[in-house]
Each structure stands twice: as C-alpha cells, then as structure tokens.
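Counted the way our numbering counts, the sequence shown spans residues 177 to 261. Take a look at the structure set out below.
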Amino acid sequence: MKDRTLAEIDADASATATVPRLLDAAQIAGLLGISPRTFRQRVHDGEFPKPILIGPNTPRWTASDYTAYVAKLRAAQIKRSARNG
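Spelled out as structure tokens, the structure:
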C-alpha cells in the first residue's frame, strides 16, 4: 500500500461524512516524519492524545487528533519565534 498524504486521507474521511478516519501509529508517524517508536513515546508522555482501542491490541487515532497536534506544534513554534524575534 502506498503512503498517502493527509489531503488524501481527509478526502476519504469527507466522503464518509460522519465517520472519522482512523489511523494507526505507523501512518501518523509517517505523516509526522518520525519513527513509530518515537510516536508511541510521545503518546506515552502525553504529548499526543491516547488512542481509541478498536480491539485489545489495535490502537487508532482520528485524523483530527493528528491535525490538532500539528496545529499545537505550529502555535508553539510561532510563540517561540515571537519571543526570540
């Protein structure tokens, strides 16, 4: 399966309207450009939201969890830039 962009993932989510797209750790890690292990550590540290468990060993996150996390990173970067700028 080829890696997909967030726009493609969001387009699929929009097509299903009320059903949020669920992503696994590898997909989110790929979107963030980090390893799945680093991603799981960020979840463990509380930096990223806890997953939805769709099975005993099947954690998933919504595309909106990812979008909110990226927005949080951007806001922190802007705040640092304003302080240092």
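Beta carbons are placed, not taken as given, at the ideal position from N, Cα and C, and that holds for glycine. All figures in this text were calculated on a predicted structure; none of them were measured in a lab.
Query: Measuring CB to CB, does L199 end up less than 8 Å from A239?; Result: yes
Query: Just list the residues that DSSP pairs L182 with in beta bridges.; Result: L182 pairs with nothing; no bridge assigned.
Query: Please tell me whether A202 and T214 are closer than 8 Å, where the distance is taken between their beta carbons.; Result: no
Query: Let me make sure I understand the geometry here. Which of D221, F224, R197 has the alpha-carbon closest to that of I230?; Result: R197
Query: Applying the 10 Å Cβ sphere with the 16-neighbour rule, what's the burial state of P232?; Result: exposed
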